[in-house]
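A.B. asks: To start, I am sharing the structure in question, which I have written as structure tokens.
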Amino acid sequence: PDAAPEEPPPTSGLSISIDEEDEDALDEDTWEPRKRSRRREPGAKPEKPPPTPTLDRIAVPWHRLATEGQLDPAYEQDALVTLLRARLAAKDAEAVVLVGPSGVGKSAVLHALAEALQASTATPAEKARPFFFVDGSRLIAGEGMWGDWQQQVLKSFREANESRAILSLGHAIDLLDAGKSAHSDQNVAQLLLPLLVTREVSVVAEATPEAWAQVERRNASFARLFSVVRVEEPTPEALARILTRVAQDTPSTTPLEVLPEALEECRFLCRRFLPYGAQVGNAVAFLRRLIATCAHAAQPRVIRLDAVRQFASESGIPEALLRDDMPLEPAQVRAFLTTRVLGQQAAVERVSSVVSVLKAGLADTRRPLGVLLFVGPTGVGKTELSKALAELLFGSRERMVRLDMGEYAGPDALLRLLGDGATPGYLSAAVRRQPFCVVLLDEIEKAHPAVHDALLGVLGEGRLTDASGRFTDFRNAVLVLTSNLGADTWRARVGFDSLGGAPDVAALRTHYLAEVQRFFRPELFNRLDDTVVFSPLSEELLRKLVVREVDAIRKRAGLSRHDASLVVSESALDWLSARGFDPRYGARPLKRALERELVVPVAAWLAAHPKTGPVVLHAEAGDGGLALRAEAVGGAAEGAGSYTPLTLPTT
């Protein structure tokens with residue numbers, strides 16, 4: 140069962156061998172101390188603490204590391220450290236759990252507490268208390284036999300009880316699973332629970348808000364024994380002071396001055412673009428990486444531009460989109476996209492306007508960077524424009540996450556997309572892994588209605604939450620939804636069998652918008668930033684596509700390795716254009732036609748002829764299709780540029 144029982148479980152069938160001196164410490168049948176250890180009143184003269192051999196072996200002695208100055212500092216947390224000192228010094232101190240977002244500084248607070256207990260201002264009683272870090276994995280480490288890890292856990296708690304040690308148990312959620320196996324659900328939390336009831340051990344733990352909610356849900360009796368102390372994000376003023384201290388305290392190989400403008404840029408970039416974890420943790424970690432980079436380059440100082448370049452390198456976002464002093468003309472954006480997507484000028488114009496909004500910093504930071512619906516016939520460039528947008532915004536076409544929504548039409552679609560808590564969903568996992576991306580939801584009209592409902596939260600608030608309460612942030616992604624709605628009815632209006640000329644752009648847009656609004660609920664349609672309509676292919680456009688694809692084939696490595704070049708005649712280009720178009724699928728068959736009719740014959744010839752010298756392969760259209768003719772380039776002694784015909788093998 141997932142949830143632990145309210146009371147410690149019976150231990151029938153469990154045999155634990157405890158040393159003779161341990162027999163009065165813990166009862167094997169009830170898991171409770173048989174005899175409470177002798178307590179000292181607060182302020183009494185401390186005695187020498189008993190030995191802790193088990194904890195010395197498996198735990199990290201924070202009290203020793205504190206005296207050696209090896210623990211991470213905590214900034215702006217003096218009040219919280221004072222509160223914890225008072226809580227843990229009390230008689231029968233209640234267990235404490237620090238709850239705050241990942242990276243807010245929970246571990247640093249406990250490090251600061253360990254240092255405070257060993258500082259010159261600490262009382263003798265505080266200095267005498269050991270402080271160990273021993274999480275669930277350490278408590279059961281090295282004990283594989285049944286009963287061994289339980290004995291190690293009990294010994295650790297007994298030693299902490301007798302020495303009045305403070306135990307930092309790491310992430311509270313891990314205690315519910317540490318020790319579980321295929322044969323038993325027994326875990327560390329069950330052994331610890333009775334000792335928390337009697338307050339025989341002093342423990343502190345950590346948890347994110349989401350993880351603590353899981354602890355409360357899975358084992359409420361265990362969670363109730365902890366006093367929750369919230370660790371909040373620092374104020375903007377406090378964060379500025381923290382970054383200043385970090386810049387001063389971070390060691391570097393050379394003297395390095397971090398200018399205030401660089402610190403301010405660190406704060407801005409992390410606040411704007413890093414969605415997961417606490418801002419303070421993200422900013423501190425980024426600043427330390429920035430200092431390391433600049434120190435390695437032997438720079439005398441760190442300026443704002445250094446922070447921008449470091450962030451651009453880590454995120455993939457081009458500098459031009461991050462720097463206010465670097466212009467990005469709309470014409471540049473249009474030219475970039477037009478070279479990659481031919482013949483869709485209206486679509487390129489609308490996507491360019493979205494990029495301009497992002498560059499100006501006028502996009503709503505509470506939503507995705509952009510939410511676009513690409514609508515039009517199949518095979519006209521919707522996916523290609525999405526890849527080009529990923530390349531423009533994030534530096535690589537691989538920054539596009541594509542999902543075929545036809546595969547998410549069943550009742551389990553939402554579970555597969557988002558996950559169930561234990562198993563991550565495809566969409567949520569992909570965006571968490573790479574938050575700076577273009578998310579392409581292809582043929583969105585085919586998805587299950589529950590998927591459309593879930594998208595409302597993404598389009599409106601930029602986040603999705605799975606069954607376990609874990610959220611995925613989409614505010615650094617561009618969402619592109621594609622649809623073929625209206626393509627069939629438009630084709631019926633203008634004719635089915637032939638390539639058309641340039642369509643009436645206004646009529647085309649009116650037609651597709653009407654089809655989209657008829658299908659999608661107003662709540663979803665109104666959350667779109669723009670609906671981008673793609674035109675059907677024209678003869679001129681298809682010919683340009685063929686030329687571009689042939690040029691790409693001519694640059695393939697196999698031709699250069701064989702000292703071969705490829706020349707495709709005008710008649711062959713016309714023939715390939717005719718074979719590469721389908722009125723229903725647009726230019727999608729084009730690449731298949733090129734591979735089948737051009738690449739395969741060229742490859743067959745190259746494979747059949749060992750490398751003997753430079754050769755030119757001519758592809759020409761004939762009555763039966765494409766014909767391939769090879770000509771050898773004469774050697775230098777015969778005169779550069781002369782050609783000798785070669786006979787192709789008979790098929």
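So for the sequence shown, my numbering puts the first residue at 140; every next one is plus one. Note that CB positions come from ideal geometry on N, CA and C, so glycine has one too.
1. Give the range of the alpha helix (DSSP H) segment to which SER366 is assigned.
2. Looking only at its own chain, which residues have a Cβ that is under 8 Å from the Cβ of LYS683, when we skip the five neighbours before and after it?
3. Look up SER637 in the DSSP assignment and say whether it is helix, strand or coil.
4. Per DSSP, GLU530 forms a beta bridge with which residues?
5. Whether or not the stretch 508-517 and the stretch 485-498 are in contact is what I'm after, with contact meaning three or more pairs of Cβ atoms, one per stretch, closer than 8 Å; do they touch?
6. Taking 8 Å as the threshold, find out whether the stretch 302-322 comes into contact with the stretch 341-350 through three or more Cβ pairs.
7. Expressed to the nearest angstrom, what Euclidean distance is found between the alpha-carbon atoms of PRO200 and ALA362?
8. Between which two residues does the alpha helix (DSSP H) holding SER323 run?
9. To the nearest angstrom, how far is it from the Cα of LEU513 to the Cα of LEU595?
10. Closest to ALA586 by C-alpha separation, out of ASN326, LEU556 and ALA258, would be which residue?
11. Nearest-angstrom Cα distance between TRP134 and ILE456?
12. Using the Cα positions of PHE271 and LEU378, report the straight-line distance between them to the nearest angstrom.
13. What residue does the alpha helix (DSSP H) around HIS435 start on, and which one ends it?
14. Quick check: the Cα distance between ALA593 and PRO574, rounded to an integer number of angstroms?
15. Please classify ASP166: does DSSP put it in a helix, a strand, or coil?
16. List the endpoints of the continuous alpha helix (DSSP H) containing SER454.
17. Indicate, with yes or no, if the ligand SAM has a heavy atom lying under 8 Å from the CB of SER491.
18. Taking contact to mean at least 3 C-beta pairs separated by less than 8 Å, is the stretch 362-377 in contact with the stretch 317-327?
19. Do you know offhand how far ARG427's Cα is from LEU413's?
20. Could you give the residue range of the beta strand (DSSP E) that holds ASP612?
21. Can you check which of these residues, ARG609, ALA485, VAL741 and ARG196, is closest to ALA766 by C-alpha distance?
22. Could you round the C-beta distance between ARG440 and LEU408 to whole angstroms and report it? I think they count as a contact, below 8 Å.
23. Tell me whether the beta-carbon of ARG693 lies closer than 9 Å to the beta-carbon of SER704.
24. Applying the criterion that 16 or more other CB atoms from any shown protein chain within 10 Å of the CB defines a buried residue, is SER699 buried or exposed?
25. Quick one: Cα of LEU531 to Cα of ARG660, how far?
26. Going along the chain, which residues of its own chain have a beta-carbon closer than 7 Å to the beta-carbon of ALA422, five neighbours each way excluded?
27. Closest by CA to LEU278, which one among GLY420, SER295, LEU402 and ALA321?
28. Work out the CA separation of GLN656 and PHE635 for me, nearest whole Å.
29. Go ahead and pull the three-state DSSP assignment for HIS748.
30. What is the residue span of the beta strand (DSSP E) that ASP581 lies within?
31. Return yes when the Cβ of MET465 is within less than 9 Å of the Cβ of ALA838, no when it is not.
32. Pull the bridge partners of PHE272 from the DSSP assignment, please.
33. Give the secondary structure of ALA771 by DSSP, where H, G and I count as helix, E and B as strand, and everything else as coil.
34. Per the contact definition of three or more C-beta pairs closer than 8 Å, is the stretch 518-529 in contact with the stretch 667-678?
35. With distances taken Cα to Cα, identify the nearest neighbour of THR628 among ALA646, ASP612, THR611 and VAL619.
C.D. replies: Reading it off the structure:
1. Premise fails: SER366 lies in the beta strand (DSSP E), 365-369, not in any alpha helix (DSSP H).
2. Excluding its 5 nearest sequence neighbours in each direction, LYS683 has C-beta neighbours in its own chain below 8 Å: LEU481 and GLY482, listed in chain order.
3. For SER637, the predicted structure reports a pLDDT of 47, less than 50, and the residue's modelled location is therefore unreliable. A value from the coordinates is still provided. In the structure shown, the three-state DSSP call for SER637 is coil.
4. Answer by DSSP bridge pairing: none, since GLU530 is not bridged.
5. Pairwise C-beta distances place the stretch 485-498 in contact with the stretch 508-517, as three or more of them are shorter than 8 Å.
6. Contact holds: three or more Cβ-Cβ distances are below 8 Å.
7. If you take the alpha carbons of PRO200 and ALA362, they lie about 26 Å apart.
8. Segment: none, SER323 is in no alpha helix (DSSP H) and carries neither H nor E.
9. Here residue 513 turns out to be Phe, not Leu, going by the sequence shown. Looking at the two C-alpha atoms, the distance is approximately 17 Å.
10. Minimum Cα-Cα distance from ALA586 among the listed residues ASN326, LEU556 and ALA258 corresponds to LEU556.
11. Nothing can be reported for residue 134, as the shown portion of the chain is limited to 140 through 790.
12. Per the coordinates, the alpha-carbon of PHE271 lies some 29 Å from the alpha-carbon of LEU378.
13. Note, HIS435: alpha helix (DSSP H), 418-435.
14. If I take the Cα positions, the gap works out to 18 Å.
15. The predicted model places ASP166 with a pLDDT of 48, which falls under 50 and marks its position as unreliable; any figure quoted below should be read in that light. Three-state result, ASP166: coil.
16. Run containing SER454: 443-454, per the alpha helix (DSSP H) assignment.
17. No copy of the ligand SAM occurs in the structure displayed, which carries no ligand at all.
18. Contact fails: fewer than three Cβ-Cβ distances are below 8 Å.
19. Spanning the two alpha carbons is a distance of roughly 16 Å.
20. Its beta strand (DSSP E) spans residues 610-612.
21. Closest by alpha carbon: VAL741.
22. Between ARG440 and LEU408 a beta carbon distance of about 18 Å is seen, past the 8 Å cut, so the two are scored as non-contacting.
23. For ARG693 and SER704, yes; Cβs fall inside 9 Å.
24. SER699 counts as exposed, since fewer than 16 other beta carbons sit within 10 angstroms of its beta carbon.
25. Cα to Cα, LEU531 sits roughly 31 Å from ARG660.
26. Closer than 7 Å at the Cβ level, and outside the excluded window around ALA422, lie LEU378, LEU382, CYS405, ARG406 and CYS409.
27. When only C-alpha atoms are compared, the closest one is SER295.
28. Because PHE635 sits at a pLDDT of 44, beneath the cut-off of 50, its placement in the model cannot be relied upon, and the point is left open.
29. Secondary structure of HIS748 (DSSP, three-state): coil.
30. For ASP581, the enclosing beta strand (DSSP E) covers residues 576-581.
31. Past the boundaries of the shown model lies residue 838; the chain is included only from 140 to 790, so the question cannot be answered.
32. Paired residues: VAL199 and SER307.
33. Of the three classes helix, strand and coil, the one that applies to ALA771 here is strand, per DSSP.
34. Pairwise C-beta distances place the stretch 667-678 in contact with the stretch 518-529, as three or more of them are shorter than 8 Å.
35. For the residues ALA646, ASP612, THR611 and VAL619, the minimum Cα distance to THR628 belongs to ALA646.
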